[in-house]
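Residue numbers (the numbering used here): -8 to 266.
Just so it is clear, CB atoms sit at the ideal spot from N, CA and C, and this is done for glycine as well.
Below: the structure, in structure tokens.
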Ligand code: PAF
């Protein structure tokens, strides 16, 4: 696997690779979920590129940018083992040189749920992914369903701005007790980790209530009680899969979405209800 740090270098290096080119953008601290993205890209594409960049513009003040886990060497070994051909891992000064000021904002979709709690998050994501797509110029962009709203934001970005790329959303990889793989799981104490396992069960309970005909607020009321006392809900809801507008009743395609805090660690999860 070749490793690149500069824009011109990575462009020249990737130009020589056979197409189609798959691309897996990450912030590193890679776990089995990321490697599943890389392996799916490997199966579907002739060449695979990945990036590791902890993007400062998608963290708000007081969030975990400084303490976000970083291990580029370990990440490079894992990506290489998953069949990735090229890794782009730029410094912040390469992505955001002095004078940088352009922002990409997808509008209402980026302002609800995760966007309501983290008001500048999705414009940071949309901006850095726009840059990465221009630099890497892939044919297929691989993202995880765990970040369902991010996937919807990126699909909208690609559609609205005519990026010549297909977005492939890869199903969430889970621990044996159902907890979605996340780099932030590493922050949990033993007690919080035990409580966090009930997040997914709450979403399943909400879906069952909805399927039995309950409306969203009644279903959420029952399902909220499933979360162990270790967690505090930010939201639990059912939304249109494309717009993230809240639904009164289940109407596929939809996501049942939830976010909860375990101490200072905030975890999200979702279930896709296909049409
Ligand atoms: O999902 C992530 O790790 C990040 O939001 C992404 C897409 C790599 C952009 O920084």
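Item, Value
"Candidates 19, 40 and 24, of which the one nearest residue 10 by Cα", "40"
"Cβ-Cβ separation, residue -5 to residue 79 (assumed contact under 8 Å), whole Å", "5 Å"
"Rounded Cβ spacing between residue 258 and residue 188 (contact assumed at less than 8 Å)", "Contact flag wrong, Cβ pair sits at about 11 Å."
"Assumed close pair residue 136, residue 103 - CB separation to whole angstroms, cut-off 8 Å", "Rounded, the Cβ-Cβ distance is 18 Å, inconsistent with contact."
"Minimum C-alpha distance to residue 73 - residue among 240, 31 and 62", "31"
"Local Cβ density within 10 Å of residue 66, reported as buried at 16 or more and exposed below that", "buried"
"Residue interval of the alpha helix (DSSP H) (run including residue 70)", "63 to 72"
"Closest by C-alpha distance to residue 157, when choosing among 163, 0 and 12", "12"
"Opposing strand residues paired with residue 41 [DSSP bridges]", "15 and 78"
"Host beta strand (DSSP E) of residue 256 (start-end)", "256 to 264"
"Residue 18 beta carbon near the ligand PAF (any heavy atom closer than 7 Å)", "yes"
"Nearest to residue 261 (by Cα), restricted to the options 180, 141 and 148", "141"
"Span of the alpha helix (DSSP H) around residue 113", "112 to 127"
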